[in-house]
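**Q**
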């Protein structure tokens, strides 16, 4: 299966700390994306990193991609209670295939 | 970007009945996707809804159980048929404005079968 694997499955941190989530995948990709889901609602796109990129920033988010290791990481700096959510990576493989989502990391930020 | 209106947002249904979920997009899109998210799990793709042709189902999902309609480029429905408690999940529709770009999601339908 192409499904990505995130770790950790759950992460609990204090407000102000940084949160790092990792994602591994199995096949060649066009891009890798990170999504956020609040309380079982719809997913919200956070950031997309293309296979020829190594690092990307968006506000407090930093994403890295290592295609040789087939892995990516999402760093949220200076976390806030409002960052509490589940975070999923999704891979967009080469060819006309739909996104495949990882298992997700449940992040809890304690005020 | 795309805005998706999905309804109902939640429902509690009796086993053996069917529920139809609707997704309306504010722009024309070629493909729409339907996902299932079982409690505490990730998203699993059910099928890709193509306008003007039958939906393409993923392994483990069949048309008789999850019939899909796609009458035009802005609308799709997913029906969960002959429901059992195992069908209790969140169902999500999604679109991509263009290939290899971000996906947009509806707010999800939280289905509980009793």
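Residue numbers (this note's numbering), protein chains in the order written: chain A, 1 to 111; chain B, 112 to 225. Ideal Cβ positions, reconstructed from N, Cα and C, are used throughout, including at glycine. Quick caveat, the model's predicted, so the values are computed rather than measured.
(1) DSSP on residue 83/A, reduced to helix/strand/coil?
(2) From the beta carbon of residue 211/B, is the nearest beta carbon of chain A less than 8 Å away?
(3) Return the first residue and the last residue of the beta strand (DSSP E) that residue 183/B is part of.
(4) Name the residue from 203/B, 215/B, 146/B, 186/B whose alpha carbon lies nearest to the alpha carbon of residue 112/B.
(5) Whole angstroms is fine: what's the gap from residue 50/A's alpha carbon to residue 128/B's?
(6) What separation, rounded to the nearest whole angstrom, lies between the Cα atoms of residue 213/B and residue 193/B?
(7) To the nearest angstrom, how far is the alpha carbon of residue 177/B from that of residue 154/B?
(8) Does any residue of chain B bring its CB to less than 8 Å from the CB of residue 98/A?
(9) Taking DSSP as the reference, what is the three-state secondary structure of residue 226/B?
(10) Can you give me the C-alpha to C-alpha distance between residue 189/B and residue 47/A, rounded to a whole angstrom?
(11) Can you tell me whether residue 197/B is helix, strand or coil according to DSSP?
(12) At 9 Å on the CB atoms, spell out the chain B contacts of residue 74/A, in chain order.
(13) Just to confirm my understanding: we take residue 221/B, look at its own chain, exclude 5 residues before and 5 after, and list those with CB closer than 6 Å. What are they?
(14) Our contact map puts residue 118/B next to residue 133/B with C-beta atoms below 8 Å; I'd like the distance itself, whole angstroms only.
(15) With a threshold of 8 Å between beta carbons, is residue 45/A in contact with chain B?
**A** By the coordinates alone:
(1) helix
(2) yes
(3) 179-183
(4) 215/B
(5) 44 Å
(6) 34 Å
(7) 16 Å
(8) yes
(9) Summary: the structure shown does not reach residue 226/B, with chain B confined to residues 112 through 225, and so no result is reported for it.
(10) 28 Å
(11) helix
(12) Result: empty, since nearest Cβ-Cβ is about 15 Å, beyond 9 Å.
(13) 121, 201
(14) 6 Å
(15) yes
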